[in-house]
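Q: These protein sequences, in sequence, are chains Y and Z. Counting from 1, one number per residue, gives the positions in the first sequence under our numbering. Counting from 1001, one number per residue, gives the positions in the second sequence under our numbering. Cβ coordinates follow ideal geometry from the N, Cα and C atoms, glycine included. Supplied in structure tokens, the structure appears directly below.
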Amino acid sequence: MKPHPASRDVVIAAVALIVVLAIPLFHRSPAFEDFIIRLSAMALFATSLNLPVGNTGMVSFGHGMFYGLGAYAFALMMQMTDLSLPVAAVLAVSITTLASFCVGAICVRLSTDYFAFITLAFQMLFYSVVISWQSLTGGDQGLRGGIPRREIFGFELSSQLHLYQFCSVVAVLGLLALRHVSTSPLGQTLRMIRDNEDRASFLGVVLWRARLLAFTIAGAFAGLGGVLAALFVSGAYPELADWPNSGQAIFAVMLGGINSFLGPALGAAILLALNDAVTRFTEYYGLVLGIVILAFAVGFRRGVLDFLRLAWPRSSK
Amino acid sequence: MDLDALGACLTTPACVVTQATSGLIVGMLLFLVAAGVTLIFGVLKIVNFAHGTFYMLGGYVAYSALGATDSYALAVLSATLAMALFGVVFERALMSRVYGSNVLMQLLVCYAVVLIFDDVVKIVWGPEFHAMGMPPAFQVPPLFIAGGVVPPFYAVLIVIAALIAIVLGLGLSMTRLGKTVRAAAINSQMVSALGINTTLLFAIVFAVGGGLAGLAGALAAPVRSLSPGMGFSILIESFIVTVIGGMGSIGGALVSALLIGMVRAFGTIGFPQFTDGLIYIVMIAILLLRPQGLFGRSP
């Protein structure tokens, strides 16, 4: 008998976490730790986006709004109140959840193209609020002054090693939770909606409710990614909520493979590595990225993990 | 927020004329870009996220052409033709390969083109802002209408855009090509089955859309500055225009482009910090009340 899938996922997550946490014991590399910290935020962002995009078939082009909102809410609470870090993080994620619920409630009934537009419009609305509300957000300069790095559970987050450990733990737990959502009956329902919404509807699924739930959960985890991003940059910047960031997330999802759970996380890793490598050689990052995107979209037509799964059908299923 | 200033402006004819003219300019330029977006969507059911790039390149081509020939008319013409050609190449080389795929692939191809050409513009023309300046023919004293200042170039721009709107509207409703385009918008497979070359038709639609965006870029160049990111802001606004007007409706695009232009022109006085936000709010409100847009067919 095969092991229960949920326990298998927990084992994989635990092994991955142990490996990631063990690496600094043998070899300290600031560049690598930096990469993992950024990746933890980006992986949560991209994987959460795949819940509406890959699982449900709703192309949201405004996901950066929730990433930015999580970052701003967290950074502002840390700066303006004496809340401890976990409380501020939980509150920031709650605010993001509420926001994505409200945006989702307005958007989910629209058809695909309109949905992409209006989520983008909400994101740009949020972006213009951030830019114009200078007294609160610092406008286009971003929120400066740093985040007070309060100690939690013996973690001293001003140390890079502790931030690395903290971000890895949060990211792995977040991904595990998302994995659980995606394999749950809700996740199955979402895939049914994606494949045939009429049939799902005939079977008694309330389409908008399931879609709204997916959208809200995705927003919540994007907010968690935003919290990690705020910790890394020690502040919050409008770019986090700007459209190229949403574009990057969509590309990460597609690059890794929309039909594989770990695809978006892998895509985020490739994208970040590409970014680091290319910016070392040229300032024309967009040119290189654009060509890579074209190669994948027009050439391979699918992401890396989906490609591998097609090549070796049984190996990863 | 400064509602007093807005009230004061609305009661002064001079201010109303000046702001309405600038609103017309913004609206007409938006219309030219949005008409292409809505045309391409209507026929191909594709949202062209790269349309702002056509506009940007049109502006830069006109800038260089003016430098080379010293004739603004030639500059406008070359920008229009170059972007019509660019539209065809874009459609044939890239978009036609993702027609059957999901929206995500189409979006990514466009996103890639936006990224690539933003950098190409930086390489060819440099990352700094360029100002084309008013062409010599239009360096004449402004017109005064009811005390409001109207530069002659503005008047010409409005007339050109209005002519385009009329030609486009008549062309779609009266000519054989226009009828084919409208038929393809309803059922392109049926059109193809009737023996009409839809591949050619799709390329023509992209050529018209690209040409209009190039024309808009060339017309905008004297009144706005040129910069590598200029395509994106007009893209977002032209999306808002198409969504408000109803996707696929040229008349709707005209009305909503003018609406957005006016909101922008008078919004700058009443809400100087939040003009963009105001436009998004208008769009969200309309989508909530009438999801298919003002002139759209219900889905």
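Using the beta-carbon count (16 or more within 10 Å), is residue 67 of chain Y buried or exposed?
A: Per the 10 Å Cβ criterion, buried.
Q: Consult DSSP for residue 193 of chain Y and reduce its assignment to one of helix, strand or coil.
A: It is helical.
Q: Please state whether DSSP places residue 143 of chain Y in a helix, a strand or coil.
A: Correct three-state label for residue 143 of chain Y: strand.
Q: Using a Cβ-Cβ cut-off of 8 Å, state whether residue 112 of chain Y counts as contacting chain Z.
A: It does: the Cβ of residue 112 of chain Y has a partner Cβ on chain Z nearer than 8 Å.
Q: Which residues, taken in chain order from the segment 1017-1048 of chain Z, show a beta carbon closer than 7 Å to some beta carbon of chain Y?
A: The segment 1017-1048 of chain Z vs chain Y, Cβ under 7 Å: 1047.
Q: How should residue 1093 of chain Z be labelled, buried or exposed, when 16 other C-beta atoms within 10 angstroms of its C-beta is the threshold for buried?
A: Under this definition residue 1093 of chain Z is an exposed residue.
Q: Report the three-state DSSP secondary structure of residue 73 of chain Y (helix, strand or coil).
A: Three-state DSSP puts residue 73 of chain Y in a helix.
Q: Since I believe residue 1147 of chain Z is in contact with residue 129 of chain Y (beta carbons under 8 Å), could you give me their beta-carbon distance rounded to a whole number of angstroms?
A: Not quite, the Cβ-Cβ distance comes to about 36 Å (not below 8 Å), so this is no contact.
Q: In chain Y, what lies closer than 9 Å to residue 1222 of chain Z by C-beta?
A: Simply none; closest approach about 27 Å.
Q: How many angstroms separate the CA atom of residue 51 of chain Y from the CA atom of residue 206 of chain Y?
A: If you take the alpha carbons of residue 51 of chain Y and residue 206 of chain Y, they lie about 17 Å apart.
Q: Could you give the C-beta distance for residue 307 of chain Y and residue 257 of chain Y, rounded to a whole number, given that I count them as a contact under 8 Å?
A: Right, their Cβ atoms sit about 7 Å apart.
Q: At least one CB of chain Y closer than 8 Å to the CB of residue 1277 of chain Z: is that the case?
A: Yes - at least one Cβ of chain Y is within 8 Å of the one on residue 1277 of chain Z.
Q: What does residue 124 of chain Y touch in chain Z if you count any residue whose Cβ is under 8 Å from its own?
A: Here the neighbours are 1236, 1276, 1280.
Q: Can you tell me which of Y:160, Y:220, Y:282, Y:105 puts its alpha carbon nearest to the alpha carbon of residue 211 of chain Y?
A: Residue 211 of chain Y has its Cα closest to that of Y:105, out of Y:160, Y:220, Y:282, Y:105.
Q: Is it true that the CB of residue 108 of chain Y sits closer than 8 Å to the CB of residue 202 of chain Y?
A: In this structure, residue 108 of chain Y does not lie closer than 8 Å to residue 202 of chain Y by Cβ.
Q: What number of angstroms, rounded off, separates the C-alpha of residue 158 of chain Y from the C-alpha of residue 1016 of chain Z?
A: Near 56 Å, if we compare the C-alpha coordinates of residue 1016 of chain Z and residue 158 of chain Y.
Q: With distance defined between alpha-carbon atoms, name the residue in Y:12, Y:180, Y:239, Y:58 nearest to residue 65 of chain Y.
A: Comparing Cα-Cα distances from residue 65 of chain Y to each of Y:12, Y:180, Y:239, Y:58, the minimum goes to Y:239.
Q: Do residue 1236 of chain Z and residue 124 of chain Y have their beta-carbon atoms positioned less than 8 Å apart in this structure?
A: Yes, the Cβ-Cβ distance between residue 124 of chain Y and residue 1236 of chain Z is below 8 Å.
Q: Go to residue 223 of chain Y, then tell me how far its alpha helix (DSSP H) extends in each direction, as first and last residue.
A: First-last of the alpha helix (DSSP H) with residue 223 of chain Y: 207-233.
Q: How should residue 193 of chain Y be labelled, buried or exposed, when 16 other C-beta atoms within 10 angstroms of its C-beta is the threshold for buried?
A: Buried is the call here.
Q: Looking only at its own chain, which residues have a Cβ that is under 6 Å from the Cβ of residue 1268 of chain Z, when we skip the five neighbours before and after it?
A: Contacts found: 1275.
Q: Quick check: is the beta carbon of residue 306 of chain Y nearer than 8 Å to any beta carbon in chain Z?
A: Not closer than 8 Å to any Cβ of chain Z, the Cβ of residue 306 of chain Y fails to qualify, so no.
Q: Between residue 1061 of chain Z and residue 1078 of chain Z, is the Cβ-Cβ spacing less than 8 Å?
A: Yes, the pair counts as a contact, with Cβ atoms nearer than the cut-off.
Q: Would you mind sorting residue 264 of chain Y into buried or exposed? The rule is 16 or more other CB atoms within 10 Å of its CB.
A: Per the 10 Å Cβ criterion, buried.
Q: Since residue 318 of chain Y contacts residue 140 of chain Y with CB under 8 Å, what's their CB separation in whole angstroms?
A: Shown here, chain Y extends from 1 to 317; a query on residue 318 of chain Y therefore has no answer.
Q: Beta-carbon within less than 7 Å of residue 142 of chain Y's beta-carbon, same chain only, minus the 5 sequence neighbours each way: which residues are those?
A: Once the five neighbours on either side are set aside, the close Cβ partners of residue 142 of chain Y are 235, 236, 237, 238.
Q: Residues of chain Y with CB closer than 7 Å to the CB of residue 1119 of chain Z, please, in chain order.
A: Correct list: 284, 286, 287.
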